[in-house]
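J.: Before I ask anything, let me first share the structure, which is written out below as structure tokens.
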Amino acid sequence: MSYIYRDRNDAGRQLATLLTAYANQPQTLVLALPRGGVPVAYEIAHQLQLPLDVFLVRKLGVPGQEELAMGAIASGGIRVLNEDVVEHLHIPGLVIEEATRREQRELERRERLYRANAPPPIFADRTILLVDDGLATGASMRAAIQAIKHQHAAHLAVAVPVAAMPTCFLLQSEVDRLVCAQTPEPFYGVGYWYQDFAQTSDEQVRELLALNRQELREHAT
1 MSYIYRDRND AGRQLATLLT AYANQPQTLV LALPRGGVPV AYEIAHQLQL PLDVFLVRKL
61 GVPGQEELAM GAIASGGIRV LNEDVVEHLH IPGLVIEEAT RREQRELERR ERLYRANAPP
121 PIFADRTILL VDDGLATGAS MRAAIQAIKH QHAAHLAVAV PVAAMPTCFL LQSEVDRLVC
181 AQTPEPFYGV GYWYQDFAQT SDEQVRELLA LNRQELREHA T
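Heads up, the sequence shown is in full-length UniProt numbering, so the first residue is 1 and it goes up one at a time.
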């Protein structure tokens with residue numbers, strides 16, 4: 001098979017070349033979906049000299065088929081359901097509610113871990129560049145988009161290295177700009193197009209956020 005990207009960092013560096021219009025804009029924030037989106041977003045923030053933060057979204061996996069999303073939740077109390085999956089598999093409401101409670105606990109744990117209890121950034125009147133390592137069903141990204149819209153960002157762009165074409169088509173009207181760098185057919189899945197798709201750890205997320213803050217301080221002096 002032919003990989004598109006060596007790893008998430010390689011994907012981020014390639015994706016950054018499509019986003020140069022955002023470079024050095026003081027009101028622009030690169031926002032990553034943890035954990036896999038963080039190495040991609042770090043490289044974009046590094047290349048464009050922009051601040052990096054995270055936006056927490058948790059997929060609601062179908063019981064027994066956890067990779068299949070029946071929906072997602074995001075910071076701010078937002079929940080998006082994949083109605084086609086829910087209806088096709090006849091998933092009861094009680095199952096959805098239990099998954100929501102479980103993932104909400106994990107979302108809150110990660111909020112504390114990644115930010116060390118620091119407040120989340122303000123999105124109002126800013127340009128938000130929302131990044132993940134790829135899009136399959138898009139449930140997590142849709143939840144993030146809705147949550148950020150509630151906070152009145154001035155401009156919301158979504159950028160991913162690889163995505164399913166139908167998902168890109170569906171998201172196109174929901175954001176100000178959508179960059180899907182590669183839309184291979186057949187799609188197979190996000191990880192299929194990476195040579196190294198090892199799981200990103202919580203510690204790696206914290207290290208990349210700290211490294212971005214350090215780089216911005218050094219650049220400012």
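Note that CB positions come from ideal geometry on N, CA and C, so glycine has one too.
1) Which whole-angstrom value describes the C-beta separation of Ala74 and Val85, a residue pair presumed to lie in contact below a C-beta threshold of 8 Å?
2) Strictly by DSSP, which residues pair up with Tyr5?
3) How long is the line joining the alpha carbons of Pro26 and His46, rounded to whole angstroms?
4) Suppose contacts are defined by Cβ-Cβ distances below 8 Å. Is residue 227 in contact with Asn82 by that definition?
5) Which value, in whole angstroms, describes the spacing of the CA atoms of Tyr188 and Cys168?
6) Which of the three DSSP states, helix, strand or coil, is assigned to Gln214?
7) Any idea what DSSP makes of Asp133, helix, strand or coil?
8) If I measure Cβ to Cβ from Gln49 and keep anything under 7 Å in the same chain, skipping five residues before and after, which residues do I get?
9) Would you mind reading off the limits of the beta strand (DSSP E) that contains residue 262?
10) What residue does the beta strand (DSSP E) around His155 start on, and which one ends it?
11) Here's the rule I'm using: 16 or more other beta-carbon atoms within 10 Å means buried, otherwise exposed. How should Tyr194 be labelled?
12) On the DSSP bridge list, what partners appear for Leu81?
13) What separation, rounded to the nearest whole angstrom, lies between the Cα atoms of Gln37 and Val162?
14) Exposed or buried, what is Ser173 when buried is set at 16 or more other beta-carbons lying within 10 Å of its beta-carbon?
15) Could you give the first and the last residue of the continuous alpha helix (DSSP H) run that contains Ala144?
16) For the putative contact between Thr200 and Pro39, defined by C-beta atoms under 8 Å, what is the C-beta separation to the nearest angstrom?
17) Write down the C-beta distance between Leu135 and Ile96 rounded to the nearest angstrom, noting that I regard them as a contact closer than 8 Å.
18) Are the CB atoms of Asp53 and Leu19 nearer to each other than 8 Å?
19) Met165 to Thr183, Cα distance in whole Å?
20) Quick check on DSSP: helix, strand or coil for Ile122?
21) For Ala32, list the residues DSSP reports as bridge partners.
22) Using the beta-carbon count (16 or more within 10 Å), is Gly138 buried or exposed?
23) Alpha carbon to alpha carbon, how far is Ala11 from Ser2?
24) Considering only residues of the same chain and omitting the five flanking positions on each side of Gln151, which have a CB-CB separation below 7 Å?
T.: The answer reads as follows:
1) That belief does not hold up - the Cβ atoms of Ala74 and Val85 are roughly 18 Å apart, past 8 Å.
2) Tyr194
3) 14 Å
4) Residue 227 lies beyond the stretch modelled for the chain, which goes from 1 to 221, so this question has no answer here.
5) 15 Å
6) In this structure, Gln214 counts as helix in the three-state DSSP scheme.
7) coil
8) Ala23, Asn24, His219
9) Any question about residue 262 goes unanswered here, given that the chain covers just 1 to 221.
10) Residues 155-162.
11) buried
12) Gly71
13) According to the sequence provided, residue 37 is Gly. The question's Gln does not apply to it. Their backbone Cα atoms lie some 12 Å apart in a straight line.
14) So Ser173 counts as exposed.
15) 139-149
16) 6 Å
17) Leu135 to Ile96, Cβ: 22 Å. No contact.
18) no
19) 5 Å
20) coil
21) Looking at the DSSP output, Ala32 bridges to Val54, Val131.
22) It counts as buried.
23) 15 Å
24) The answer, listed in chain order, is Phe123, Ala124.
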